[in-house]
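For reference, each letter of the sequence shown is one residue, going 438 to 865 in the working numbering.
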Amino acid sequence: MKIKKIVILGGGFAGIRAAQDLAEKSIAAGLKIEIIVVDKESTHLFRADLFEVATAFNKKITDKCMFQLKETIATPIRKLLFGRARFIQDEVMGIDAKERVVHLKDSGELKYNYLIVAMGSETNYFNIPGLRENSMPMKVLQDGLKFNCHLDQFFMELSRKKISRTVNIVIGGGGATGVEMAAELIGALKKLCVKYHYDCKKVNVELIEGTEKLLGMNEAGTALVLARLKKIGVKVSLQNLIQKVDRKELTLKSVNSTSAGGRGKLKKKFYDILVWTGGVMVNPVVAASLGEKKYGGAILVNPFLQSYKDRNVFAGGDNAYFADPENPGKRLQMLASIAVQEGSVLAENVFCFIQGEEMKSFVPANVQMVIPIGGKYAIWQSGDRIFSGVWIWVIRRLVYLKYALSILPFWAALKKWLRSSRIFMDND
Ligand SMILES: Cc1cc2nc3c(=O)[nH]c(=O)nc-3n(C[C@H](O)[C@H](O)[C@H](O)COP(=O)(O)OP(=O)(O)OC[C@H]3O[C@@H](n4cnc5c(N)ncnc54)[C@H](O)[C@@H]3O)c2cc1C
Numbered sequence: 438m439k440i441k442k443i444v445i446l447g448g449g450f451a452g453i454r455a456a457q458d459l460a461e462k463s464i465a466a467g468l469k470i471e472i473i474v475v476d477k478e479s480t481h482l483f484r485a486d487l488f489e490v491a492t493a494f495n496k497k498i499t500d501k502c503m504f505q506l507k508e509t510i511a512t513p514i515r516k517l518l519f520g521r522a523r524f525i526q527d528e529v530m531g532i533d534a535k536e537r538v539v540h541l542k543d544s545g546e547l548k549y550n551y552l553i554v555a556m557g558s559e560t561n562y563f564n565i566p567g568l569r570e571n572s573m574p575m576k577v578l579q580d581g582l583k584f585n586c587h588l589d590q591f592f593m594e595l596s597r598k599k600i601s602r603t604v605n606i607v608i609g610g611g612g613a614t615g616v617e618m619a620a621e622l623i624g625a626l627k628k629l630c631v632k633y634h635y636d637c638k639k640v641n642v643e644l645i646e647g648t649e650k651l652l653g654m655n656e657a658g659t660a661l662v663l664a665r666l667k668k669i670g671v672k673v674s675l676q677n678l679i680q681k682v683d684r685k686e687l688t689l690k691s692v693n694s695t696s697a698g699g700r701g702k703l704k705k706k707f708y709d710i711l712v713w714t715g716g717v718m719v720n721p722v723v724a725a726s727l728g729e730k731k732y733g734g735a736i737l738v739n740p741f742l743q744s745y746k747d748r749n750v751f752a753g754g755d756n757a758y759f760a761d762p763e764n765p766g767k768r769l770q771m772l773a774s775i776a777v778q779e780g781s782v783l784a785e786n787v788f789c790f791i792q793g794e795e796m797k798s799f800v801p802a803n804v805q806m807v808i809p810i811g812g813k814y815a816i817w818q819s820g821d822r823i824f825s826g827v828w829i830w831v832i833r834r835l836v837y838l839k840y841a842l843s844i845l846p847f848w849a850a851l852k853k854w855l856r857s858s859r860i861f862m863d864n865d
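Take a look at the structure:
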């Protein structure tokens, strides 16, 4: 019998979980299959701590410290496959489900019998003029490292030229990444200002959000986050949409009718550095091949995470449109915790499908939001209840340890977590 080939596109949260579980299951059952993971990057990323990489303090920017910073949240994909699956580092350019072929940028065609699609999402700039060209995204490892170096060089230049003026750092988007970035920047800036003898009082950090909510929370939750941000020194502008971005100048449109000037009023804002965290969209390769426009480019899947259109195609994480049982008409949130749960079920169902056994329906577990907001402080929303403080921050740090232990051997996971904690806590 010909060995079945299972290709997993994406070595992210869903892809790695699926690859590890599938390899384990097939070995235990003596099932001969070939598992191939494809990713354009060589490393798997714990994206939830990307803001920490972006804001970590370096006494000196060196290759060594950038490497150490990279290692805090990135792990070689090959290392995570333990020789049980093949890894191809290449970019997926297209998927031809009819021919059961994936088109790779450098390696050409890759045939499959079964496909797991988990290529995540990309930054969405919503066609806002000038936003892509003038802002820094916060999505992949390079974004975090680039921001870190850029911030250091920015203050080094001011110090070298003996310039002392007001500096405006603007973060667009009041979701988790925006709030975490803005808050953590405060600690980083304090250290940078000492390093470059800059007056920290002259540095503003402003978070701009289009709606009246932060982190998508209700009024009480938003008020708590606002109070915390204010306390540590982050200015927040809610109900302001970024309309246009020029070099060093933003045009904002107020969507609050009670604000001075009223709804629709335009205002200009000078910025030195703009970070855009305000939008995500399903990976364009997926959207153009197997996804559907009405599902935001994602693949509509049945309860087994299997494409309705092609039974040999499965999808997980940000690429799967799985109806949210709690929110009719909406998909499950694009979250790492969901992607990991789906990865497990994907492995189980692909394994059962090959064997002709009954598959398992995916039942999402309750999603918990634990968001660090500067220093040793985090908030945790569980249903209608919100908890905050240093203990929640400890829980948030343990989330990474738990995740690392789920993909790496014990000592490797512990070492990685201890190293990252030491680096990240330096400016807390
Ligand atoms: C900055 C940031 C912070 C976040 N924080 C949290 C958090 O705290 N908690 C939480 O639950 N969720 C968080 N999320 C969301 C979470 O990261 C995503 O929902 C999750 O990563 C989705 O998992 P996935 O497996 O679908 O994709 P990913 O984990 O994104 O993996 C996709 C993989 O596909 C690869 N890939 C993409 N395109 C191609 C291509 N063309 N060819 C080959 N390979 C490709 C990528 O390199 C990547 O390795 C955050 C997201 C971001 C951007």
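Every residue gets a Cβ at the ideal spot worked out from N, C-alpha and C, and that includes glycine.
{"Query": "Coarse secondary structure for isoleucine 832, derived from DSSP in three states", "Result": "helix"}
{"Query": "Straight-line gap, serine 858 to leucine 588 (C-alpha atoms, nearest Å)", "Result": "21 angstroms"}
{"Query": "Through-space distance from leucine 578 to lysine 507, alpha-carbon basis", "Result": "7 angstroms"}
{"Query": "Burial state of phenylalanine 788, where buried means 16 or more other Cβ atoms lie within 10 Å", "Result": "buried"}
{"Query": "Length of the line joining the Cα atoms of valine 642 and glycine 610", "Result": "13 angstroms"}
{"Query": "First and last residue of the uninterrupted alpha helix (DSSP H) at lysine 767", "Result": "Where lysine 767 is concerned, there is no enclosing alpha helix (DSSP H), given that its DSSP letter is neither H nor E."}
{"Query": "In DSSP terms, what alanine 511 is bridged to", "Result": "Leu482"}
{"Query": "beta-carbon phenylalanine 504 near ligand 3 non-hydrogen atom, thresh 8 angstroms", "Result": "Of the ligands one can find in the structure shown, namely ligand 1, none is ligand 3."}
{"Query": "Three-state secondary structure assigned by DSSP to alanine 735", "Result": "coil"}
{"Query": "Any 3 or more C-beta pairs closer than 8 angstroms across the segment 471–488 and the segment 830–840", "Result": "yes"}
{"Query": "Closer than 8 angstroms: arginine 484 CB and nearest ligand 1 heavy atom", "Result": "yes"}
{"Query": "Host alpha helix (DSSP H) of methionine 618 (start-end)", "Result": "613–632"}
{"Query": "Given 8 angstroms, three or more beta-carbon pairs between the segment 654–666 and the segment 702–713", "Result": "no"}
{"Query": "Cα-Cα separation, leucine 644 to lysine 548", "Result": "46 angstroms"}
{"Query": "Whole-angstrom C-beta distance between glycine 624 and glycine 811, which should lie under 8 angstroms", "Result": "6 angstroms"}
{"Query": "Length of the line joining the Cα atoms of glutamate 779 and alanine 773", "Result": "10 angstroms"}
{"Query": "Per-residue burial, phenylalanine 584 [other beta carbons within 10 Å of its own, 16 or more giving buried]", "Result": "buried"}
{"Query": "N-terminal and C-terminal residue of the beta strand (DSSP E) that lysine 570 is part of", "Result": "Looking at the sequence shown, residue 570 is not lysine but glutamate. Premise fails: glutamate 570 lies in the alpha helix (DSSP H), 568–571, not in any beta strand (DSSP E)."}
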